[in-house]
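Residue 1268 is where the sequence shown starts when you use our numbering, and the numbers rise one by one after that. Every residue gets a Cβ at the ideal spot worked out from N, C-alpha and C, and that includes glycine. Inspection log for the structure reproduced underneath, given as structure tokens.
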Amino acid sequence: MSDPIDDVLGRNGWRIDRAGPSLPESYRSVSIPKDARFWTKLGAFAGPGYLVAVGYMDPGNWATSIAGGSAFGYTLLSVILLSNIMAILLQALAAKLGIVTGRDLAQACRDHYSRPVGFMLWILCELAIVACDLAEVIGTAIALQLLFGIPLVWGVCITALDVLLILMLQQRGFRRLEAFVVALLIIIALCFAYELFLSQPAIREVLGGFVPSKEIVTDPTMLYIAIGILGATVMPHNLYLHSSVVQTRDFDPSPEGKREAVKFATIDSTVALMLALFVNASILILAASAFHAAGHTDIAEIQDAHELLAPALGAAAASTLFAVALLASGQNSTITATLAGQIVMEGFLSIRLPPWLRRLVTRMLAIVPAVIVAAIYGESGTAKLLVLSQVILSMQLPFAVIPLVQFTSDRTKMGQFVNPLWVKLAAWTIASVIVALNLKLLWDVVLSGEPILH
């Protein structure tokens, strides 16, 4: 039986034809009710945005937000806000690419660029996923240590069981996987709502933090953490993930059906990313109000933040809820990063492996480095490694963002769905800002020899 998407796709500006669907075991597996009301259809399309939002509140975000909030108070809230605005636009473009072309971003790169360029992009993307997974695995291991006293190395090894969890959930249907992820997101949000209630931050100072400051660019240490926040917020693997998981919906492949799918996918991801904005801002506000205001300006370790929270907020439950939210965050993030690893490997290399083996390979690419890091560094230095992993992610961003903007701005590929002029200008501006910030960071670190994290 032919894929209905193939019937309406030609080569259409691509170097080679579409090889096959993304995530074949879940492709078009979620039905969309015909002639249903707005909210019913939105409910059917809702889900992929929350899988994507997971990556915007992973343990890497915790490390950068805690470091930024304790060191600089509320100043870096503006970076979180701007990063989230960038993310909303870029994720909307990723969803549109997947829905309109029937290709995820990895497949699109393979079908457009020459084989050597595609291979280079695959290597860079795998590095980004390893850096991302390093943060998530270490974050989960730290949470297990804080809650149950499990050593870091063993905690890292336990996270390998995520592969079995993903297989079990997906065998029950992609909606079960989405429901599990959303449930953990709700736990994270509730934990931080309670923490914020206890911390009672100064509202005027919080609002002032959302206004950008020139210090962010002129202070090398602040810029380093700001770029870490950018890397932790706008994550390259999320663009690959989103362009794939929107294709789990069995939408009408006609132009009208695609337009409707793009609309609902954009609403879904925008609402989900607003939840991520709340969580990320909450972490930084918590660090600023509980630590920076009390003179603790050098809180870099997540473990230190955990220990200081209870006395700072005057509630024993504060530290426990912090660790519970961290565990939920790490668990969620490892699930979605493993999915992204599968999408990237299949998309760039056209490798078809059994689902369990595919996920095991992508998981081990992150587990092995994480075990080595945990064994060598132990508890000390994990936060610096978490922040560094987010800076590495930010360095990889241009290699995902530029192809995404290029493809969605190409009329031969997108037809009537090509980006309008204002979207092109906004998207290329975002890409330019990301590249410029990374070049500025390289100048500070490599050429001028400025000290970064002490």
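- Looking at the backbone, the Cα of residue 1672 and that of residue 1371 are separated by about 13 Å.
- With fewer than 16 other beta carbons inside 10 angstroms of its own, residue 1383 counts as exposed.
- Here residue 1517 is bridged, per DSSP, to 1298.
- Only residues of its own chain outside the window of five on either side were considered, and among them 1289, 1290, 1371, 1373, 1507, 1508 and 1511 have a CB closer than 7 Å to the CB of residue 1610, listed in chain order.
- In this chain, the alpha helix (DSSP H) harbouring residue 1335 covers 1326–1339.
- Spanning the alpha carbons of residue 1296 and residue 1513 requires a straight line of approximately 11 Å.
- Annotation for residue 1475: the continuous alpha helix (DSSP H) segment containing it runs 1470–1476.
- For residue 1400, the enclosing alpha helix (DSSP H) stretches over residues 1382–1415.
- Per DSSP, the unbroken alpha helix (DSSP H) holding residue 1533 starts and ends at 1522–1557.
- Residue 1293 places its beta carbon less than 8 Å from that of residue 1515.
- For residue 1467, the secondary structure class from DSSP, reduced to helix, strand or coil, is coil.
- Secondary structure at residue 1279: coil, using DSSP grouped into helix, strand and coil.
- Per DSSP, residue 1322 lies in no alpha helix (DSSP H) and is assigned neither H nor E.
- In its chain, beyond the 5 residues on either side, 1569 have a beta carbon closer than 6 Å to the beta carbon of residue 1409.
- Taking the CA atoms as reference points, residue 1345 sits about 43 Å from residue 1620.
- Look at residue 1618 here: in three-state DSSP terms it is coil, with no helix or strand label.
- With at least 16 other beta carbons inside 10 angstroms of its own, residue 1326 counts as buried.
- The stretch 1572–1590 and the stretch 1350–1368 do not touch, with fewer than three beta-carbon pairs separated by less than 8 Å.
- Boundaries of the alpha helix (DSSP H) harbouring residue 1665: 1665–1675, taken from the DSSP string.
- Residue 1535 places its beta carbon 8 Å or farther from that of residue 1337.
- Residue 1456 sits close to residue 1545, with the two beta carbons spaced by under 8 Å.
- In the structure shown, the three-state DSSP call for residue 1288 is coil.
- Residue 1350: member of the alpha helix (DSSP H) spanning 1344–1368, first to last residue.
- Contact between the stretch 1378–1398 and the stretch 1546–1564 is absent: fewer than 3 CB-CB pairs across the two stretches fall below 8 Å.
- Per DSSP, reduced to three states, the secondary structure at residue 1303 is coil, with no helix or strand assignment.
- Only exposed fits residue 1643, as fewer than 16 other CB atoms lie within 10 angstroms of its CB.
- Annotation for residue 1447: 1436 place their beta carbon closer than 6 Å to its own, counting only its chain and skipping 5 residues before and after.
- Rounded to the nearest angstrom, the Cβ distance from residue 1429 to residue 1304 is 37 Å, too far for a contact under 8 Å.
- Out of 1690, 1701 and 1659, the CA that lies nearest to the CA of residue 1395 is found in 1659.
- Secondary structure of residue 1315 (DSSP, three-state): helix.
- Residue 1428: not part of any alpha helix (DSSP H); DSSP gives it neither H nor E.
- Residue range 1678–1681 is occupied by the alpha helix (DSSP H) that includes residue 1681.
- With a 10 Å radius around the Cβ and a threshold of 16 neighbouring Cβ atoms, residue 1703 comes out exposed.
- With 16 or more other Cβ atoms from the protein chains shown falling within 10 Å of its own Cβ, residue 1339 counts as buried.
- Nearest to residue 1333 by C-alpha distance, out of 1551, 1495 and 1595, is 1551.
- When secondary structure is reduced to three states using DSSP, residue 1662 falls in the helix class.
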